[in-house]
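Peer 1:
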Amino acid sequence: MCLPMAVRVLHVITGLGTGGAERNLYNLLAAGVSAPDEVAVIALMDEGSYGPRIRALGIEVHALGMRQGIPAPWTLPRLGALVRRFAPDVIQGWMYHGNLMASLAAWLCRQRPAVSWNVRQCLYQIERHKPLTRWAISANRRLSGGPRAIVFNSRLSRRQHRDFGFADGAAVVIPNGFDTAAVAPDSASRQQVRERLGFTDEQRVVGHVARCHPIKDHPNLLRACVTVAERMPQARFLVVGRGVDFDAPELAGIVPDEYRPRFLLTGERDDVGELMLAMDVFCQSSWLEAFPNALAEAMACELICVATDVGDSDYILGTSGRIVPPRDSQALALALLEALNEPVDRRRERGREARERIVSEFALDQVVGQYRQLYRRIGLPEQIGRLRSEPSSESASEASSEPASGPSTRP
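Throughout, my numbering is defined as the position within the sequence shown, counted from one, plus 131.
Spelled out as structure tokens, the structure:
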């Protein structure tokens with residue numbers, strides 16, 4: 132009997148709304164990390180915006196309908212039924228809650244598939260997380276010796292979790308990957324996008340992409356932008372992300388009324404790559420990250436970037452941009468002004484350097500290859516075990532009158 136090389140992978144993720152982990156899962160699936168009939172996705176909550184997109188790839192998507200922050204033991208029978216029907220070789224968890232449910236799902240499966248976790252953030256101040264998230268992190272730590280692999284998307288994240296007490300023997304770092312053909316500079320489109328957004332050739336646009344969340348530190352961003360606005364009349368600010376509003380409680384009063392016309396707050400958009408073409412400098416203002424997707428995408432668009440020194444930002448940037456301390460609006464403003472005032476030729480040179488780094492180190496096809504290798508390494512032994520437990524075709528014909536004693540084959 133020939134050994135099948137396809138590894139059936141079941142992904143278990145908290146939800147499929149707009150977020151970095153969700154987008155990276157979609158990117159991997161769209162890039163063909165697994166064949167559509169060898170992969171399925173279970174969302175603990177709802178399908179969000181990515182569920183329909185994943186289903187459009189021909190991949191099964193199931194949402195358990197859990198509510199955020201509320202344990203739902205009544206969903207376990209359905210989870211168990213889905214896992215047993217799909218019969219995965221590997222169950223890949225995503226984020227802390229998804230990791231726990233991936234381990235639980237493996238126990239609900241007769242064939243005990245290999246479990247891989249995926250940790251998507253750094254651990255700076257665990258006490259700042261919500262109580263249920265703190266519990267999930269601690270539970271991950273206690274159970275971290277069980278998974279066959281623990282994937283971190285950041286080198287710093289791996290070190291911090293190891294120092295926090297996570298088992299490190301199965302740890303592996305696989306960075307986020309980017310489709311550098313789809314995310315790329317385009318001078319003709321840049322001009323069109325700038326005109327559509329109302330930016331003139333003389334204006335210099337600082338861009339920012341993030342949902343309004345405390346870790347993204349929009350107050351830090353806006354304070355820095357106000358300083359830039361005071362010193363550079365031609366500066367404009369393109370701020371993209373769900374929930375970013377001058378009247379939001381955490382942002383109220385930061386930007387004086389006279390500067391607000393120079394800000395364009397777009398809200399959540401699904402054309403971020405196109406909007407980046409309108410920017411001259413990209414800014415990351417977070418106080419906590421692991422692997423910041425928007426930073427890498429901006430680099431792929433040949434933007435000169437200024438980022439806070441969190442997660443793997445410094446490593447991702449290399450020598451192409453500027454790093455400043457987190458929560459230091461003055462340092463952020465000065466770095467933005469330096470970048471905006473650089474000669475155009477120098478900005479272009481830095482932009483090309485930034486893109487070359489993403490193409491060489493973080494291209495999506497490279498990352499897809501790393502995940503495939505991981506799944507073959509931890510998943511194929513499960514297939515071997517199942518094949519050995521199944522009767523050969525000759526034995527099966529001899530025993531056709533008797534019920535099979537081994538585990539059932541997958542459909």
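Yeah, the Cβ is synthetic: ideal placement off N, Cα and C, and Gly gets one too.
(1) From the DSSP output, read off the bridge partner residues of alanine 438.
(2) Is it true that the CB of asparagine 249 sits closer than 9 Å to the CB of alanine 427?
(3) Answer with buried or exposed for alanine 212, where buried requires no fewer than 16 other C-beta atoms within 10 angstroms of its C-beta.
(4) Going straight from the alpha carbon of proline 456 to that of leucine 448, what length do you get?
(5) According to DSSP, is asparagine 307 helix, strand or coil?
(6) Using only the alpha-carbon positions, how far apart do leucine 352 and glycine 452 sit?
(7) Leucine 463 and valine 414 - do their beta-carbons sit closer together than 9 Å?
(8) Quick one: what's glutamate 191 bridged to in DSSP?
(9) Can aspartate 88 and arginine 458 be called in contact, C-beta distance under 9 Å?
(10) Please report the straight-line C-alpha distance between arginine 139 and glycine 189, rounded to a whole angstrom.
(11) Grouping DSSP H, G and I as helix and E and B as strand, with all else coil, what is threonine 149?
(12) Could you tell me the distance, in whole angstroms, from the CA atom of tryptophan 205 to the CA atom of arginine 481?
(13) Excluding sequence positions up to five away, which residues of its chain have a Cβ less than 7 Å from the Cβ of alanine 470?
(14) Between histidine 349 and aspartate 445, what straight-line distance do the alpha-carbon atoms span, to the nearest angstrom?
(15) Are the segment 244–260 and the segment 167–179 touching, with three or more C-beta to C-beta distances below 8 Å?
(16) Any chance the segment 142–151 sits against the segment 173–182, with 3 or more Cβ pairs inside 8 Å?
(17) For arginine 519, count neighbouring Cβ atoms within 10 angstroms of its own Cβ and tell me buried if that reaches 16, exposed if not.
(18) As a quick exercise: from Gly442, Ala152, Leu159, pick the residue whose alpha carbon is nearest that of tryptophan 225.
(19) Tell me, please, whether the segment 229–240 touches the segment 268–275 by the rule of three or more beta-carbon pairs shorter than 8 Å.
(20) Just to confirm the assignment: which complete alpha helix (DSSP H) runs, minimum length 4, are found wholly within the segment 271–297?
(21) If you follow the alpha helix (DSSP H) that phenylalanine 217 is in, where does it begin and where does it stop?
(22) Quick check: what's the CA-CA separation for histidine 260 versus isoleucine 346?
(23) Roughly how many angstroms separate the alpha carbons of tyrosine 227 and arginine 215, rounded to a whole number?
(24) Please give the ranges of any beta strand (DSSP E) in the segment 311–342, keeping only runs that are unbroken, at least 3 residues long and fully inside the region.
(25) Per DSSP, what kind of secondary structure is arginine 519 in: helix, strand or coil?
(26) What residue does the beta strand (DSSP E) around histidine 142 start on, and which one ends it?
(27) Just checking my contact of glycine 442 with glutamate 420 at CB under 8 Å: how many whole Å lie between their CB atoms?
(28) Can you tell me where the alpha helix (DSSP H) with serine 444 in it begins and where it stops?
(29) Kindly give me the distance between the Cβ atoms of arginine 367 and arginine 335, rounded to whole angstroms, as I take these residues to be in contact under 8 Å.
(30) Cα separation between phenylalanine 422 and proline 387?
(31) So, does the CB of alanine 494 fall closer than 9 Å to a CB anywhere in chain B?
Peer 2: This is what the structure holds:
(1) Gln415, Ile454
(2) no
(3) exposed
(4) 14 Å
(5) coil
(6) 17 Å
(7) It is cysteine, not valine, that sits at residue 414 in the sequence shown. The answer is yes: Cβ separation under 9 Å.
(8) Ala171
(9) Not covered by the structure: residue 88. The range shown for the chain is 132 to 542.
(10) 15 Å
(11) coil
(12) 54 Å
(13) Val412, Ile435, Val437, Arg453
(14) 20 Å
(15) no
(16) yes
(17) Because the pLDDT at arginine 519 is just 47, under 50, the model does not fix this residue reliably, and the point stays unresolved.
(18) Ala152
(19) yes
(20) 286–295
(21) 207–217
(22) 10 Å
(23) 23 Å
(24) 335–340
(25) The predicted position of arginine 519 is uncertain, since its pLDDT is 47 and thus under 50; no value can be drawn from it.
(26) 140–144
(27) 4 Å
(28) 444–448
(29) 7 Å
(30) 32 Å
(31) Considering every chain present, this structure includes no chain B. It has just one protein chain.
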